[in-house]
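Working notes, structure below.
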Amino acid sequence: MSVLGALDRSHAVTLLRQMLLIRRFEEKAAELYTVGKIRGFLHLYIGEEAVAVGTMQALTLDDGVVATYREHGQALARGIPAGALMAEMYGKANGCSRGRGGSMHFFDVARRFYGGHAIVGGGLPVAVGLALADKMQSRPRVTACFFGDGAVAEGEFHESLNLAALWKLPVLFLCENNLYAMGTALARHQAQPDIRRKADAYGMPSEAADGMDVVAVEEATRRAAAQVRRGDGPFLLELRTYRFRAHSTADPELYRGKEEVAEWKRRDPIALFTARLQEAGLVSAADLAALEAAVGGAIDAAVCEAEAGPWEPVEDLTRDVYTETP
Amino acid sequence: MTTMTYRDAIRSAMREAMRKDPRVFLMGEDVGGYGGAFKVSYGLLEEFGPERVRDTPLSENTFLGAGIGAALGGMRPIVEIMTVNFSLLALDQIVNNAATLRHMSGGQLSVPLVVRMTTGGGRQLAAQHSHSLEGWLAHIPGIKIVAPAVAADARGFVLAALRDPDPVFIFEHATLYPVEGEVDEQAAPAEIGRALVRRRGDAVSLITYGGTLGTTLRAADLLARDGVEAEVVDLRTLRPLDTETVLASVAKTHRAVIVDEGWRSGSLAAEVSARIMEGGFYSLDAPVARVCSAEVPMPYAKHMEDAALPQVPAIVDAVREMLVAHG
Chain A
250 MSVLGALDRS HAVTLLRQML LIRRFEEKAA ELYTVGKIRG FLHLYIGEEA VAVGTMQALT
310 LDDGVVATYR EHGQALARGI PAGALMAEMY GKANGCSRGR GGSMHFFDVA RRFYGGHAIV
370 GGGLPVAVGL ALADKMQSRP RVTACFFGDG AVAEGEFHES LNLAALWKLP VLFLCENNLY
430 AMGTALARHQ AQPDIRRKAD AYGMPSEAAD GMDVVAVEEA TRRAAAQVRR GDGPFLLELR
490 TYRFRAHSTA DPELYRGKEE VAEWKRRDPI ALFTARLQEA GLVSAADLAA LEAAVGGAID
550 AAVCEAEAGP WEPVEDLTRD VYTETP
Chain B
32 MTTMTYRDAI RSAMREAMRK DPRVFLMGED VGGYGGAFKV SYGLLEEFGP ERVRDTPLSE
92 NTFLGAGIGA ALGGMRPIVE IMTVNFSLLA LDQIVNNAAT LRHMSGGQLS VPLVVRMTTG
152 GGRQLAAQHS HSLEGWLAHI PGIKIVAPAV AADARGFVLA ALRDPDPVFI FEHATLYPVE
212 GEVDEQAAPA EIGRALVRRR GDAVSLITYG GTLGTTLRAA DLLARDGVEA EVVDLRTLRP
272 LDTETVLASV AKTHRAVIVD EGWRSGSLAA EVSARIMEGG FYSLDAPVAR VCSAEVPMPY
332 AKHMEDAALP QVPAIVDAVR EMLVAHG
């Protein structure tokens with residue numbers, strides 16, 4: 250935590266607030282799922298908040314983001330309003346994808362948030378293409394592409410790393426290694442479980458960082474993004490983290506022990522960061538209470554927005570399959 | 032009007048588009064240094080350079096997906112897939128991304144991607160290079176499918192696809208590349224979704240597209256010797272299908288034979304037949320007939336491949352049988 254001393258208070262509070270917002274948003278979503286307000290699949294991010302929040306600090310609003318079906322954290326950290334996300338999970342017309350996507354398919358083009366991809370590995374080629382467009386149009390942008398450890402088994406992962414490295418494209422590959430491809434442990438699906446080393450095969454620089462430490466994530470991402478932005482080609486950053494909740498609402502968690510989960514929960518990114526800030530005297534108990542209250546208010550407002558949102562008329566069912574020509 | 036091959040017509044359209052619009056670029060396997068597996072892009076690397084004529088690794092799924100991403104990023108990519116059989120490696124990106132992103136994002140995204148690939152048999156390339164799977168892809172809402180049968184359409188649909196805001200897949204029957212046709216290089220882009228009557232007649236409607244248009248026209252000429260004037264409808268676009276033109280022809284001839292190089296089961300011919308049933312049932316004097324490929328993976332031996340593909344005698348026989356049974 251050498252940099253903690255150098256962390257200015259407002260930045261530290263921003264990191265904490267964003268992580269809290271994600272945690273409380275998802276706790277609320279899980280609750281709303283049990284009462285049937287949210288349906289379909291719900292993949293919770295709880296435990297991994299430091300990854301989304303830390304990585305987003307290194308991106309500008311002009312950079313692109315491609316995420317997975319477990320993207321509530323990335324969407325919130327990118328600044329998509331919680332109300333638009335909650336409304337999307339309700340299936341309402343005021344949702345960020347007008348109710349056509351749901352929890353797994355958040356989109357916000359204005360914030361250059363290109364999904365929400367629910368085919369494991371399917372977002373990587375799209376990120377490579379976005380970066381290709383930037384390179385061909387000489388735009389100094391980075392495309393950040395999130396994927397899990399499960400995706401590294403897909404051909405698209407290897408093809409995309411190869412193509413991005415071959416063409417020196419500005420892609421920041423962000424592997425969120427939470428140790429499980431759904432229920433299959435990393436060691437049970439990878440002959441080489443040291444994910445960052447896979448970049449070596451493509452002559453691509455890589456690094457691994459502690460995904461439970463938001464400051465470490467931010468620092469590593471800033472280094473990686475700076476390298477990509479310089480035009481040196483892509484970078485693979487592996488963020489080692491853990492999912493505290495089940496894979497989805499349909500998962501009875503038969504594949505891992507309670508002791509393992511408990512062990513990781515001792516490294517809760519929010520609790521760890523809060524303790525460090527308190528230790529450094531950057532936040533007080535009163536600050537924390539105020540933060541919780543503000544986040545709680547934002548979540549309540551998001552739920553109100555979702556509840557009040559309109560349903561898209563059924564007559565519009567076949568809209569947006571093709572571009573409507575006037 | 033200029034006489035040129037189907038291959039040259041595609042190249043001419045790509046060249047024209049690349050000269051006019053800096054966003055247009057071509058990528059695919061061996062499109063640059065090799066000049067294209069079928070020499071369609073021959074010479075484009077020299078004119079436009081390696082930034083805009085990009086040789087890709089053999090990663091169909093990823094370079095097609097990169098085409099989607101580049102389209103989202105404001106470019107107008109043309110992705111060449113060597114043959115339709117290889118495009119199966121890219122089905123994830125085609126079906127799960129190209130076709131869905133607009134809808135799944137609530138209309139925020141648009142994917143102006145052009146994908147070209149060869150299709151069809153007749154070259155003794157056996158069961159992994161010869162199939163006609165365009166009817167299969169025509170099942171998917173969110174993408175458009177065109178199958179030019181003549182050089183003028185080859186040019187017209189490349190230009191139309193590049194203007195279209197949605198993903199357009201162009202199927203080029205490999206036997207057509209050396210076939211010459213009249214091309215107006217000043218003509219407007221072709222209209223996606225519009226079929227054309229290639230031959231007027233009143234005895235029967237022969238409905239086809241792509242590689243079997245020539246076969247079907249030859250069958251129609253043979254039939255004419257017996258006084259049977261067949262109307263030949265070239266579908267040109269497989270999605271969206273121009274049902275109106277098909278039904279107008281059937282309303283006039285009262286009989287329909289569909290010629291489709293795809294396999295009969297679950298084929299595009301089945302879809303066209305169903306639409307005739309739905310919209311033209313009472314104008315029919317005979318059940319709709321189909322001439323399709325035999326339901327086998329494509330055999331290598333010449334005589335067996337010939338037997339597997341729709342040929343002139345089969346089309347002529349189908350019409351004659353129909354006229355005898357329901358004349």
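Each protein sequence line maps, in turn, to chains A and B.
Counted the way our numbering counts, the first sequence spans residues 250 to 575.
Counted the way our numbering counts, the second sequence spans residues 32 to 358.
The beta-carbon is built from N, C-alpha and C at its ideal position, and this holds for glycine as well.
When beta bridges are read from the DSSP output, Thr243 of chain B appears opposite no residue. The Cβ neighbour count for Ser352 of chain A, taken over all protein chains shown within 10 Å, is at least 16; the residue is labelled buried. By the Cβ test, the segment 294–304 of chain A is in contact with the segment 446–464 of chain A, since at least three Cβ pairs between them sit closer than 8 angstroms. Straight across, the Cα-Cα distance linking His160 of chain B with Thr206 of chain B is about 13 angstroms. At a cut-off of 8 angstroms between beta carbons, His170 of chain B makes no contact with chain A. Looking only at B:Val288, B:Gly242 and B:Gly98, the smallest Cα-Cα distance to Ala261 of chain B is reached by B:Val288.
Chain-order list of chain A residues neighbouring Pro220 of chain B: empty, with the shortest C-beta distance near 14 angstroms, by a criterion of under 9 angstroms.
The contact set of Leu379 of chain A on chain B, defined by CB atoms closer than 8 angstroms, consists of Gly100, Ala101, Leu103 and Gly104 in chain order. For His204 of chain B, the enclosing beta strand (DSSP E) covers residues Val199 to His204.
Along the segment 121–150 of chain B, the positions whose C-beta sits under 8 angstroms from a C-beta of chain A are Asp123, Gln124, Asn127, Asn128, Leu132, Arg133, His134, Met135, Ser136, Gly137, Gly138, Gln139, Leu140 and Ser141, read in chain order.
Under a criterion of Cβ atoms nearer than 7 angstroms, the residues of chain A adjacent to Glu82 of chain B are, in order, Met385.
For Asn411 of chain A, the enclosing alpha helix (DSSP H) covers residues Gly404 to Leu415. In the DSSP assignment, Glu275 of chain B falls within the unbroken alpha helix (DSSP H) covering Thr274 to Thr284.
Contacts with chain B at 8 angstroms (Cβ-Cβ) do not include Arg319 of chain A. Apart from sequence neighbours up to five positions away, the residues of its chain that approach Leu140 of chain B with a beta-carbon distance below 8 angstroms are Leu103, Leu132 and Arg133, ordered along the chain. Here the C-alpha atom of Thr246 of chain B lies approximately 52 angstroms from the C-alpha atom of Arg319 of chain A. Between the segment 195–211 of chain B and the segment 273–284 of chain B, the count of Cβ pairs shorter than 8 angstroms is below three; the stretches do not touch.
Considering only B:Leu168, B:Val347, B:Gly66 and B:Val146, the residue with the shortest C-alpha distance to Leu299 of chain B is B:Leu168. Within the segment 362–376 of chain A, contact with chain B at the beta-carbon level (separation under 9 angstroms) is assigned to Tyr363, Gly364, Gly365, His366, Ala367, Ile368, Gly370, Gly371, Gly372, Leu373, Pro374, Val375 and Ala376. Note that the segment 216–232 of chain B does not touch the segment 53–61 of chain B; fewer than 3 beta-carbon pairs, one per stretch, sit closer than 8 angstroms. Sequence-distant partners of Ala473 of chain A (beyond 5 residues in either direction) whose C-beta falls short of 7 angstroms from its own C-beta, in its chain, are Leu421, Glu456, Phe484 and Leu486.
Annotation: the continuous beta strand (DSSP E) that includes Trp294 of chain B extends over Ala287 to Trp294.
Listed along chain A, the residues sitting closer than 9 angstroms to Ser90 of chain B by beta-carbon distance are Pro374, Gly404, Glu405, His407, Glu408, Ser409, Asn411 and Leu412. In its chain, beyond the 5 residues on either side, Val84 have a beta carbon closer than 6 angstroms to the beta carbon of Leu75 of chain B. Counting only Cβ-Cβ distances below 9 angstroms, Ala534 of chain A has no contacts in chain B at all, with the closest Cβ about 42 angstroms away. Counting C-beta atoms within 10 angstroms of its own C-beta, Trp416 of chain A has 16 or more neighbours from the protein chains shown and is therefore classed as buried. Distance check between Leu281 of chain A and each of A:Leu566, A:Val552, A:Ile368 and A:Thr574 places A:Val552 closest, using alpha-carbon atoms only. When 9 angstroms is used as the limit between beta carbons, Arg327 of chain A is near no residue of chain B, the shortest such separation being about 14 angstroms. Taking a C-beta distance under 8 angstroms as the contact criterion, Val314 of chain A and Ala393 of chain A qualify as a contact pair. The residue from B:Glu91, B:Pro328, B:Leu354 and B:Leu266 with its alpha-carbon nearest to that of Asp316 of chain B is B:Leu354.
Residue burial annotation: Met32 of chain B is exposed, with fewer than 16 other C-beta atoms found within 10 angstroms of its C-beta.
About 4 angstroms separates the beta carbons of Glu91 of chain B and Ala121 of chain B, which is inside the 8 angstroms limit, making them a contact pair.
The beta carbon of Asp123 of chain B lies closer than 6 angstroms to those of Asn92 in the same chain, with the five residues before and after it left out. A distance below 8 angstroms separates the beta carbons of Met148 of chain B and Thr114 of chain B.
Within the segment 188–211 of chain B, Pro196 and Asp197 place their CB atoms closer than 7 angstroms to a CB of chain A, listed in sequence order.
Between the beta-carbon of Gly303 of chain A and that of Val466 of chain A there is about 3 angstroms, and that keeps the pair under the 8 angstroms contact cut.
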